[in-house]
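Participant: The numbering of the sequence shown is my numbering, which starts it at 1 and goes up by one.
Input: one structure, supplied below.
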Amino acid sequence: MIKSMVTDEDKVFKALADASRRQLLDRLRVKGGLSLGELCAQHEMSRQAVTKHLALLETANLVVTKKQGREKLHFLNPVPIHEIYMRWIGKFEQERVAALHTLKQALEE
């Protein structure tokens, strides 16, 4: 039996699988540096539920925090999403862009 390890990528996919967590990430994409109270304000879930979602997002490194006085501010970290993009999508786009470049060169000749 092969024992599987949970990778950083697995954590990102798990975090992105939930619509509530994606909504939190969308809010942080629009405006970073939000406190827990600000993040709770537009969600129809308890403060405790938002806290649990944020903890999972932090574990996946999708959210980073900064202490400012007594508040903990939350920011989107786009790096893990970019890494997934490069692995799963970027390679396919590179081929298309190269094909368009070749076509452009052929048309210009």
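All C-beta atoms, glycine included, are put in the ideal place defined by N, C-alpha and C.
Quantities reported herein were computed from a predicted structural model and do not represent experimental measurements.
Please report the Cβ distance between L16 and R22, rounded to the nearest whole angstrom; I am assuming they are in contact, meaning their Cβ atoms lie under 8 Å.
Facilitator: Indeed they touch by this definition, with Cβ atoms about 6 Å apart.
Participant: Give the straight-line distance between the Cα atoms of S35 and E71, rounded to the nearest whole angstrom.
Facilitator: Their Cα atoms are separated by approximately 6 Å.
Participant: Please list the segments of the alpha helix (DSSP H) lying wholly inside the region 2-65, counting only runs of 4 or more residues, in order along the chain.
Facilitator: With a minimum length of 4 residues, the continuous alpha helix (DSSP H) runs that stay inside the region 2-65 are 8-16, 19-30, 36-41, 47-59.
Participant: I'd like the list of long-range same chain contacts for S20, defined as Cβ closer than 6 Å, with 5 residues on each side in sequence excluded.
Facilitator: Excluding positions up to five away in sequence, the list reads H53.
Participant: For T51 versus K11, is the C-beta spacing smaller than 8 Å?
Facilitator: Contact flag unset, no.
Participant: Find the nearest neighbour of P78 within the set D26, K67, Q68, judged by alpha-carbon distance.
Facilitator: Among D26, K67, Q68, the Cα nearest to that of P78 is on D26.
Participant: Below 8 Å on the Cβ atoms is my guess for E9 versus I84; work out the distance and round it to an integer in Å.
Facilitator: That pair is a contact at about 7 Å.
Participant: Hey, could you find the ends of the alpha helix (DSSP H) E95 is sitting in?
Facilitator: 91-108 is the span of the alpha helix (DSSP H), which, as asked, contains E95.
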